[in-house]
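Sequential numbering of the sequence shown, starting at 5, is according to the working numbering. For every residue, glycine included, the Cβ atom is placed at its ideal position computed from N, Cα and C. Quick caveat: nothing in here was measured; it's all calculated off a predicted structure. A short write-up of the structure that comes next.
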Amino acid sequence: MLRERTLYSEPTFDSALAMQLKCHRRLNRVRGPSAIIIANATGRNKRPTSKGVDLRARWENISESMTTAAWIVLAGSFLALFPSFGLIVSIGTLQDYWQYHQLAGFSSRDIGWISGVFTYLALALGICCGPVFDRHGPRVVMLVGSIAYIVAIFLLAECKLYWQFMLCLGLLAGPAAAALTTVGLAVVSHWFKVKRGFASGIAMVGNSFGGVVIPLVLRHCFPRYGYAWSIRILGFVFTVCLIMSNFLVRSRFPPSPDAKKSKIFSLDLFGNGAFSFLTVSVLGIEVVLFGSLGILPTYAGLSTDYPAATGFYLIAVMNGSSCFGRILPGFISDYVGRFNTLLVMMVFTLVVMLAIWLPFGTSSLAALYAFTALFGFGTGSWMAMVPATIATLSGPHHFGQYFGTSYFVASLATLVCIPISGELIQSVGPKALVGFMCAMLFVSIFTFAASRWFLLGRVWKWSAIA
Numbered sequence: 005m006l007r008e009r010t011l012y013s014e015p016t017f018d019s020a021l022a023m024q025l026k027c028h029r030r031l032n033r034v035r036g037p038s039a040i041i042i043a044n045a046t047g048r049n050k051r052p053t054s055k056g057v058d059l060r061a062r063w064e065n066i067s068e069s070m071t072t073a074a075w076i077v078l079a080g081s082f083l084a085l086f087p088s089f090g091l092i093v094s095i096g097t098l099q100d101y102w103q104y105h106q107l108a109g110f111s112s113r114d115i116g117w118i119s120g121v122f123t124y125l126a127l128a129l130g131i132c133c134g135p136v137f138d139r140h141g142p143r144v145v146m147l148v149g150s151i152a153y154i155v156a157i158f159l160l161a162e163c164k165l166y167w168q169f170m171l172c173l174g175l176l177a178g179p180a181a182a183a184l185t186t187v188g189l190a191v192v193s194h195w196f197k198v199k200r201g202f203a204s205g206i207a208m209v210g211n212s213f214g215g216v217v218i219p220l221v222l223r224h225c226f227p228r229y230g231y232a233w234s235i236r237i238l239g240f241v242f243t244v245c246l247i248m249s250n251f252l253v254r255s256r257f258p259p260s261p262d263a264k265k266s267k268i269f270s271l272d273l274f275g276n277g278a279f280s281f282l283t284v285s286v287l288g289i290e291v292v293l294f295g296s297l298g299i300l301p302t303y304a305g306l307s308t309d310y311p312a313a314t315g316f317y318l319i320a321v322m323n324g325s326s327c328f329g330r331i332l333p334g335f336i337s338d339y340v341g342r343f344n345t346l347l348v349m350m351v352f353t354l355v356v357m358l359a360i361w362l363p364f365g366t367s368s369l370a371a372l373y374a375f376t377a378l379f380g381f382g383t384g385s386w387m388a389m390v391p392a393t394i395a396t397l398s399g400p401h402h403f404g405q406y407f408g409t410s411y412f413v414a415s416l417a418t419l420v421c422i423p424i425s426g427e428l429i430q431s432v433g434p435k436a437l438v439g440f441m442c443a444m445l446f447v448s449i450f451t452f453a454a455s456r457w458f459l460l461g462r463v464w465k466w467s468a469i470a
């Protein structure tokens, strides 16, 4: 079976040497990782060739991906993404509540700027957090981000005015979430290689889990305990998750000398056609994903036939179905290729939007729930697979730089997509909004296909190495 090819070269897996490595794995473990000794066919030990060294490194990559330490780190990543990305994908729930309570005098567009700034900074500032992770590891970034994020959530419970929401959620929680999401995704690329797509999917289930739990908790707590204590309850839950995550997350590799010398933002990365087109594609993905998440409760409220709590449940259904979208396509991608899998899922999501959301979104509640479940499955794969495709281009030692640079550009979409969606839905109606989303996704599919074309050496073929 073909293994995924990355832009950093690797030797072809040699079965004979692999068998030798398997036979002498226990011996080399006893001697320690620095004692790279391979027995030759006559039984004598000799120093390995460069191919043998590379093959052993690859073998360690495969075997260590299944160790207890790797799965412990993956659990820590899950717990970091639950409060950070989980709140990002649930932001429409808070936005809808503010519109009818604390910020009743503001339009959807104005309130959308709070969500937009929060989401933008949470993704864009990966350009700073990523290189810091590459140079110093996860500990400092994770600790500072956790403290700032917890403080921001408890302060959010006290907010009553527009500028207070912008300051606490946008300008404080946003950068803190950037630190948590960057570390949570970057450590997966350190510990998993062969099963990277599957592992990324499991980590991003923390995102989906947060997207299910947070709206339901708020839905039941708002009428019982009020706004302030509802947010404090979330704050206590987030505190427990982040304390555990700080103990579980650690780096596998020491900081590389190249990472310490590399620039935080390098335009040289855009000289790579695959990376450039992938970044443009991710920008379109962010418009569709976060624009939909931010406006879906408001969209449901346009129909007088839908219950008032429909928006809460739509967000929960969407994030619940995205759990399957993160795991199943991620597992398949390790066998058929990460670019291939993501391309298929993007086309699938576009078909769902055109066939269900566009014609039936405001006329049938059953159709809207069906669309939300299928849309969540499709977009769930996006959030899991995009970091895996970036890791395909970067390798583990420079993932932070590549991820941060890509999302610094792509996250510009999150700054404006929610306010634009709010303006479109109020000025030209819901169908025009859906048409705009479909057009953005079509452009994103085209540019992603171009990225894949560059990855395969400017040829178009179906190959499991992409």
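Cβ atoms of Ala377 and Val438 stay farther apart than 8 Å, at about 17 Å.
DSSP places Leu282 in the uninterrupted alpha helix (DSSP H) bounded by Gly277 to Gly305. Residue nearest to His194 within the set Met146, Ala161, Trp233 and Phe137 is Phe137 (criterion: CA-CA distance). With a contact defined as Cβ atoms closer than 8 Å, Arg200 and Val187 miss out at about 16 Å.
Restricting attention to Ala79, Asp309 and Ala177, the CA atom closest to the CA of Leu252 is found in Ala79. Our two residues, Phe316 and Gln103, have alpha carbons roughly 14 Å apart in a direct line. In the structure shown, Val244 adopts helical secondary structure according to DSSP, grouped into three states. At a Cβ-Cβ threshold of 8 Å, Arg342 and Met389 count as neighbours. In the three-state reduction of the DSSP assignment, Gln106 falls in the coil class, being assigned neither a helical nor a strand state. Taking 8 Å as the cut-off, the beta carbon of Ser385 is found closer than this to the beta carbon of Met349. Distance from the CA atom of Leu271 to the CA atom of Ser112, rounded to whole angstroms, is 36 Å.
Trp117 is classed as buried because its beta carbon has at least 16 other beta carbons within 10 Å across all chains shown. A direct Cα-Cα distance of roughly 16 Å separates Met444 from Ile299. Scanning its chain for C-beta atoms nearer than 7 Å, with the 5 sequence neighbours on each side dropped, one finds around Trp464 the residues Trp457, in chain order. Counting only residues of its own chain and dropping the five nearest sequence neighbours on each side, Phe446 has a CB closer than 7 Å to the CB of Leu354. Non-local C-beta neighbours of Gln106 in its own chain, meaning closer than 6 Å and more than five positions away in sequence, comprise Lys164, ordered along the chain.
The criterion of a C-beta distance shorter than 8 Å is not satisfied by Ala182 and Phe403. Rounded to whole angstroms, the Cβ separation of Phe381 and Ser325 is 5 Å, and the two are in contact under 8 Å.
DSSP places Asp138 in the helix class (H, G or I) of the three-state scheme.
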